Amino acid sequence: MARRGNIIAIPSLGCLDRTAGRVGHQLTQALREAISKGILKPGERLPSTRALANSLQLARGTVIEAFHQLHAEGYLEARARGGTIVANVNADSDLVTRAQAFIGPAPIGPVLPENVARLAAVARTLRPQGATPFAIAHPAGAVAPDDKWRRLGNRVRALRVAAPSGYIDPKGLPDLRIAIADYVRKARGVKCEPGQVVITAGTQQGLFLAATVLLSDGDAVWAEDPAYPGIVAVLGNFNVQASRIPVDAQGIDVQDGLVRCPKARVAFVTPSHQYPLGMPMSMARRTALLSWARQNNAWIVEDDYDSELRYAGHPFPSLQGLDPTRVVYLGTMSKVLFSSMRIGYAIVPVPLVDAFAGARALIDRHSPTADQYVLAQYMREGYFEAHIRRIRGAYAERRAALISAIERELPSWAALQPSDQGMHLVLWLPVGLDDVKLAEQAHKAGLVVRPISPMYQDAPARFGLMLGFGGFSVAELQAAAVRLRGVLETSVDANRKPKLSKPPRMQTAR
Ligand SMILES: Cc1ncc(COP(=O)(O)O)c(C=O)c1O
């Protein structure tokens with residue numbers, strides 16, 4: 020057993036995911052597996068529960084419980100003079116029998132409902148990433164909301180008016196709806212009145228509400244290919260036929276959509292900054308998409324998740340501004356403020372407003388009121404726009420640092436997708452290099468990268484990694500780029516010279 024000081028070096032212990040919950044269970048499982056696979060050998064001594072708890076930054080009680088369980092199952096033994104050693108048992112037969120005797124006969128469980136496996140898979144897909152480079156959207160330091168947010172929050176929450184105890188309108192707090200309408204009109208070219216603003220618990224909920232309101236059983240729908248996994252998961256929850264329409268350098272390929280599925284009822288798109296590839300939808304495509312929607316009495320759902328963060332020139336105006344009668348516009352505070360706030364907004368064509376309110380009331384009535392008051396005030400007093408200006412500068416600096424670190428550190432066969440917006444970059448890998456495996460290896464090296472190929476469905480998948488830079492200092496990003504180089508180098512067969520696949524060209528939306 021390899022040791023660092025008094026700490027056992029079992030790779031899987033480095034992968035305990037505190038955000039996934041049941042960390043004690045994960046620890047028990049990791050130790051059990053290490054013993055079964057012979058990584059920990061019979062007779063080897065384990066560190067004390069205190070030392071292991073310290074090294075893994077877990078509560079000592081969690082480690083003690085894991086040890087108790089493994090004692091009971093026969094994997095561990097107490098030493099006469101104190102301490103714990105790995106038991107000398109045959110992992111395949113003896114242990115299984117002893118574990119079974121402890122657990123009792125396998126119960127015959129209930130047959131699980133059809134939705135269970137699908138929804139559990141959604142939970143795995145949308146599992147939050149830890150605050151480790153290159154996770155996306157972890158505002159910290161210079162990009163976190165400043166002291167004004169905290170002080171204003173304390174002040175506003177202390178006022179009686181900001182702490183009502185009853186239900187409010189599912190569409191949200193009137194002051195916040197006014198502030199948001201003012202903001203999106205000015206910043207995003209959205210055409211709306213405050214009455215069309217529905218406060219959501221973030222864009223993920225906005226997508227769910229839009230699907231609830233706009234879709235009926237059996238309807239056909241367009242989603243981009245590749246697409247944000249959150250919209251794919253939402254559509255999987257409804258009894259609809261989702262056609263995945265390929266994205267090229269200009270955004271969703273409307274002509275292709277017309278061939279595949281002309282009669283779709285709704286198109287879900289990310290026009291400002293295609294997720295995950297990063298290009299904006301060209302003006303020609305915007306026009307084509309809108310005219311398809313008009314001719315087919317279809318709707319467009321515009322997910323405008325990070326459009327504020329554009330580094331060259333002004334953000335592109337919204338698609339909604341070109342036809343407010345056909346487009347449901349979704350915005351979020353997750354990228355510009357912080358995602359745990361769970362506040363976003365839908366700007367909804369007038370005839371749909373009440374239905375959105377009804378769908379929201381069915382889910383959870385409305386968003387908590389206290390933070391709506393704080394946010395309304397933050398926006399009204401001009402702090403919000405000042406915050407966006409400030410973080411745009413900080414993100415631009417981090418982004419530039421990551422680009423130069425990648426250009427300096429990474430092999431020339433790994434190429435960055437040109438882009439000038441958002442909180443992540445796309446790093447293309449050569450054909451044949453499996454981005455999913457690479458992401459697992461990166462995880463073991465203490466990095467979080469999101470593989471791109473699983474986000475494709477029909478279009479030929481391209482292999483790449485999403486690298487979030489928003490929540491990390493320049494020094495952290497530089498160090499992480501060096502670590503990523505190590506991961507890439509060990510993944511590539513030294514005899515094979517990978518060939519660079521050309522990144523798609525960028526288009527402008529003007
Ligand atoms: C493209 C896209 N849409 C929607 C969301 C969901 O955002 P929210 O936190 O507002 O639910 C995200 C989050 O990362 C996203 O990337």
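Per my numbering, residue 20 is the first one in the sequence shown, and the count goes up by one each step.
Quick reminder that beta carbons are idealized off the backbone N, C-alpha and C, glycines included.
It should be emphasised that the depicted structure is a prediction, and the values quoted were computed from it without experimental measurement.
Here Asp201 is not bridged, per DSSP, to any residue. If you draw a straight line from the Cα of Asp453 to the Cα of Pro470, it comes to about 9 Å. Restricting attention to beta strand (DSSP E) runs no shorter than 3 residues, the segment 160-241 encloses them at 216-219, ordered along the chain.
As a beta-bridge residue in DSSP terms, Trp447 pairs with Ala434 and Gly483.
In the three-state reduction of the DSSP assignment, Ser262 falls in the strand class, which pools E and B. Residue environment for Leu178: exposed (fewer than 16 other C-beta atoms within 10 angstroms of its C-beta). For Ser353, the distance from the CB to the nearest heavy atom of ligand 1 is below 6 Å.
The count of Cβ pairs closer than 8 Å, one atom from the segment 457-472 and one from the segment 380-393, stays below three, leaving the stretches out of contact. Contact annotation: Ser472 and Ala480 have beta-carbon atoms nearer than 7 Å.
Within a 10 Å sphere around the beta-carbon of Leu89 sit 16 or more other beta-carbons, which makes this residue buried.
Between ligand 1 and Ser359, a heavy atom-to-CB distance of less than 6 Å is absent. For Met302, the closest alpha carbon among the candidates Pro295, Gly340, Ala283 and Tyr294 is that of Gly340.
By alpha-carbon distance to Ile218, the top candidate from Val372, Pro449 and Leu77 is Val372.
In this structure, the CA atom of Leu32 is about 25 Å from the CA atom of Val511. Per DSSP, the unbroken beta strand (DSSP E) holding Glu96 starts and ends at Leu95 to Ala97. Cβ-Cβ separation between Val355 and Glu327: approximately 5 Å, consistent with a contact (criterion under 8 Å).
A Cβ-Cβ distance of about 19 Å is found for the pair Pro368 and Thr351, leaving them out of contact under the 8 Å criterion. Under DSSP, the beta-bridge partners assigned to Leu65 are Thr103. In the pairwise beta carbon analysis, the segment 252-266 is classified as not touching the segment 480-499: fewer than three pairs are separated by under 8 Å. Between the alpha carbons of Asp238 and Arg170 lies a distance of about 48 Å. For Leu349, the enclosing beta strand (DSSP E) has its first and last residue at Val346 to Thr351.
Residue burial is scored here from C-beta neighbours: Asp477 has fewer than 16 other C-beta atoms within 10 angstroms and is therefore classed as exposed. The segment 301-315 and the segment 488-499 do not touch, with fewer than three beta-carbon pairs separated by less than 8 Å. Straight-line spacing of the CA atoms in Ala331 and Gln440 works out to 8 Å.
Boundaries cannot be given for Glu400, as no alpha helix (DSSP H) includes it and DSSP labels it neither H nor E. Per DSSP, the unbroken beta strand (DSSP E) holding Phe287 starts and ends at Val285 to Val288.
At a cut-off of 6 Å, the beta-carbon of Thr222 counts as near ligand 1: some heavy atom of the ligand is closer than that. In this structure, Val162 places its C-beta atom within 7 Å of the C-beta atom of Ala413. Judged by DSSP in its simplified three-state form, Asp325 adopts coil rather than helix or strand. Proximity of the beta carbon of Gly350 to ligand 1 is not indicated: no heavy atom of the ligand is located closer than 6 Å.
Annotated as distal: Glu243 and Val278, with beta-carbon spacing of 7 Å or more.
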